[in-house]
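Anchor point for the sequence shown: position 446 equals 446 in this note's numbering, and the numbering is continuous, going up by one each time.
Cβ coordinates follow ideal geometry from the N, Cα and C atoms, glycine included.
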Amino acid sequence: MLRLFISLCKVIPKALRQLYQWLVKRLYFSISFKITAVYAVIFGLIFLLFNAGIGVAFVAYLGRDAQEDLVKDFEIISSLLKDNTELPARNIEQLSRLDGIEITLFTEKKEVIYTTEETSPVFYEQKDNRFFVFNTTPTPYGKSTSPLTMVLNDPVIWNSNTVYIQITNPLARETFNVGLLMAALFSLTMVMIIIVIVIGSRASKKMLLPVAKMTNTVNNITINALDTRLDVGGSQDELKDLAKTFNSMLDRIQLSYEQQNQFVSDASHELRTPIAVIQGYANLLDRWGKNDPSVLEESITSIKTESENMKDLIEKLLFLARGDKATQKIDKESFSIQELMEEIIKETRLIDPAHEIINWRNENMIIFADRKLLKEALRSLIDNSIKYTPKGGKIIIDYFSQKSQAVITITDTGIGISKEDLPYIFNRFYRADKSRTKQTGGTGLGLSIARWIILQHRGTIEVESQINQGTKMTVFLPVQNKG
Numbered sequence: 001m002l003r004l005f006i007s008l009c010k011v012i013p014k015a016l017r018q019l020y021q022w023l024v025k026r027l028y029f030s031i032s033f034k035i036t037a038v039y040a041v042i043f044g045l046i047f048l049l050f051n052a053g054i055g056v057a058f059v060a061y062l063g064r065d066a067q068e069d070l071v072k073d074f075e076i077i078s079s080l081l082k083d084n085t086e087l088p089a090r091n092i093e094q095l096s097r098l099d100g101i102e103i104t105l106f107t108e109k110k111e112v113i114y115t116t117e118e119t120s121p122v123f124y125e126q127k128d129n130r131f132f133v134f135n136t137t138p139t140p141y142g143k144s145t146s147p148l149t150m151v152l153n154d155p156v157i158w159n160s161n162t163v164y165i166q167i168t169n170p171l172a173r174e175t176f177n178v179g180l181l182m183a184a185l186f187s188l189t190m191v192m193i194i195i196v197i198v199i200g201s202r203a204s205k206k207m208l209l210p211v212a213k214m215t216n217t218v219n220n221i222t223i224n225a226l227d228t229r230l231d232v233g234g235s236q237d238e239l240k241d242l243a244k245t246f247n248s249m250l251d252r253i254q255l256s257y258e259q260q261n262q263f264v265s266d267a268s269h270e271l272r273t274p275i276a277v278i279q280g281y282a283n284l285l286d287r288w289g290k291n292d293p294s295v296l297e298e299s300i301t302s303i304k305t306e307s308e309n310m311k312d313l314i315e316k317l318l319f320l321a322r323g324d325k326a327t328q329k330i331d332k333e334s335f336s337i338q339e340l341m342e343e344i345i346k347e348t349r350l351i352d353p354a355h356e357i358i359n360w361r362n363e364n365m366i367i368f369a370d371r372k373l374l375k376e377a378l379r380s381l382i383d384n385s386i387k388y389t390p391k392g393g394k395i396i397i398d399y400f401s402q403k404s405q406a407v408i409t410i411t412d413t414g415i416g417i418s419k420e421d422l423p424y425i426f427n428r429f430y431r432a433d434k435s436r437t438k439q440t441g442g443t444g445l446g447l448s449i450a451r452w453i454i455l456q457h458r459g460t461i462e463v464e465s466q467i468n469q470g471t472k473m474t475v476f477l478p479v480q481n482k483g
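Right, dumping it as structure tokens:
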């Protein structure tokens, strides 16, 4: 039995916790219900404290009144004893019945002289307080019982002897009055709590009505209706701020979605061209190019070129995808910017003899970066200048220190970029001039990749350009602190 009891003591609390968690998961408590419940509890506590204060004050008042009644009765009995040498039993009996009290006279030796009690009276010793209350259950004359009794026991001189007059009040009337008052206060409290619940429920639902409207609006937002926005009119409150926050989030989502669609569309367009070329040459070979060496050579060359273009495009798309997902690996190390720039300038002069590559300013600085990625970014910027600078034009590549930063400038004398196109040149697949792009090639992703690499190195890039005068790109990178 003991083991069973111990097992039950362990199992029951666990079962109750699981039941509570199950109920919490399945019961839906709206914000309106929670607000109403909180205010009902608050008002309930206020009424409880208020009722407790009233109850204490009322009990104190009744206790004081009962003490005054005992003193009055004691004075009446003392006066009767002084006026009579014989015991005024009839008068004492009438007084006992009239005030609902018990009166007992004791000798100095605590012997009963007279009592109105039906049972044997008990002498209560007077202590520090003249009045004292104790727990009992007297039943005077068939009246309702009370657990409290107040006693007054004082001596008087009667017929030259000391007589103790002991008066006991069962406080039945006072207890009944206190109970009646508490019942009335409790009923009033319950009525007030019900009123608070009803009014609070309606008020909270009215206050939270904008939330319901916001919920319905958000539920109706789909991919095909991303331009739907929440109403931000009305009063200035937290709900309006929430609606503005939602609208701002929807703006960002819509922009991202449109950019994603544009990205997919542009990528599909870029891949469609080389695939169409490859497919066309493949059909050409299948029909009659197998036996024609010139057609065969042309087809193989074009297929290889377009395959390389597709490979380059896919690699750049994968690079940007890894960058978007923050999975692109960056291996930073300390190295000399001068060595890197001299290498880039040398390679540029080798692969591009059609332009004049100039370097006027060069300072040695140590930076902490991914050498391979940084070289790729700078090569993209230089290639962009080469593509859009006519043959014989100048490309000036300088690098120097400025305010604890490494500054790299790439200036060309090319055709320039219009003010309308300048803010968008780093967008993916963006081209300021479609026809010019076909002549020069490229995927429209180089500048996007270059900007991403520079930003990942806590750097910035600025572009200045004028039509038919040239473009200047400036890269700012942090210099590694010495020591």
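- The alpha-carbon of residue 75 is positioned some 39 Å away from that of residue 186.
- Around residue 177, the same chain offers 62 as residues with beta carbons nearer than 7 Å, after the five sequence neighbours per side are excluded.
- Following the DSSP letters along the chain, one finds residue 216 inside the alpha helix (DSSP H) bounded by residues 209 to 219.
- In this structure the stretch 407 to 427 touches the stretch 460 to 476; the number of beta carbon pairs closer than 8 Å is three or more.
- Around the beta carbon of residue 341, 16 or more other beta carbons sit within 10 angstroms, so the residue counts as buried.
- With at least 16 other beta carbons inside 10 angstroms of its own, residue 411 counts as buried.
- Look at the beta carbons and you see the stretch 354 to 362 touching the stretch 388 to 405: at least three pairs across the two are nearer than 8 Å.
- Taking the C-beta atoms as reference points, residue 36 is found nearer than 7 Å to residue 197.
- Per the C-alpha coordinates, the member of 181, 17, 308 positioned closest to residue 53 is 181.
- Note on the stretch 282 to 366: whole beta strand (DSSP E) runs with a minimum of 3 residues are 333 to 336, 356 to 358, in chain order.
- Per DSSP, residue 110 lies in no alpha helix (DSSP H) and is assigned neither H nor E.
- Proximity to residue 172 across 57, 191, 99, 153 peaks at 99, based on C-alpha coordinates.
- Within the stretch 383 to 424, the runs of beta strand (DSSP E) that reach at least 3 residues and sit entirely inside it are, in chain order, 394 to 402, 405 to 412.
- Using a 10 angstroms sphere on the CB of residue 351, the tally of other CB atoms stays under 16, which defines it as exposed.
- If the five residues before and after residue 205 are omitted, its C-beta is found closer than 6 Å to the C-beta atoms of 32, all from its own chain and listed in chain order.
- In this structure residue 274 is not in contact with residue 239, their Cβ atoms being roughly 53 Å apart against a cut-off of 8 Å.
- When the beta-carbon positions are compared, residue 456 and residue 368 stay at least 7 Å from each other.
- Per DSSP, residue 148 is not a residue of any alpha helix (DSSP H); the beta strand (DSSP E) it occupies stretches across 148 to 158.
- Bounds of the alpha helix (DSSP H) holding residue 61 are 31 to 83.
- In this structure residue 153 touches residue 124 by the C-beta definition: roughly 5 Å separates them, less than 8 Å.
- Following the DSSP letters along the chain, one finds residue 91 inside the alpha helix (DSSP H) bounded by residues 89 to 99.
- By the Cβ rule, the stretch 293 to 302 does not count as touching the stretch 318 to 335, because fewer than three pairs are nearer than 8 Å.
- Bounds of any alpha helix (DSSP H) do not take in residue 444, whose DSSP letter is neither H nor E.
- By DSSP's assignment, residue 164 forms a beta bridge with 106, 155.
- Under the three-state reduction of DSSP output, residue 461 falls in the strand class.
- Our two residues, residue 202 and residue 253, have alpha carbons roughly 36 Å apart in a direct line.
- If you draw a straight line from the Cα of residue 220 to the Cα of residue 243, it is about 15 Å long.
- Residue range 470 to 478 is occupied by the beta strand (DSSP E) that includes residue 474.
- Distances from the CA of residue 401 to each of 382, 424, 338 were compared; the closest alpha carbon is that of 338.
- For the 7 Å CB-CB criterion, residue 70 and residue 157 do not form a contact.
- Residue pairing of residue 466 in beta bridges, as defined by DSSP: 470.
- Around the C-beta of residue 428, 16 or more other C-beta atoms lie within 10 Å, and the residue is accordingly described as buried.
- By DSSP's assignment, residue 267 forms no beta bridge with any residue.
- Residue 369 has 333 as its beta-bridge partners, per DSSP.
- Residue burial annotation: residue 50 is exposed, with fewer than 16 other C-beta atoms found within 10 angstroms of its C-beta.
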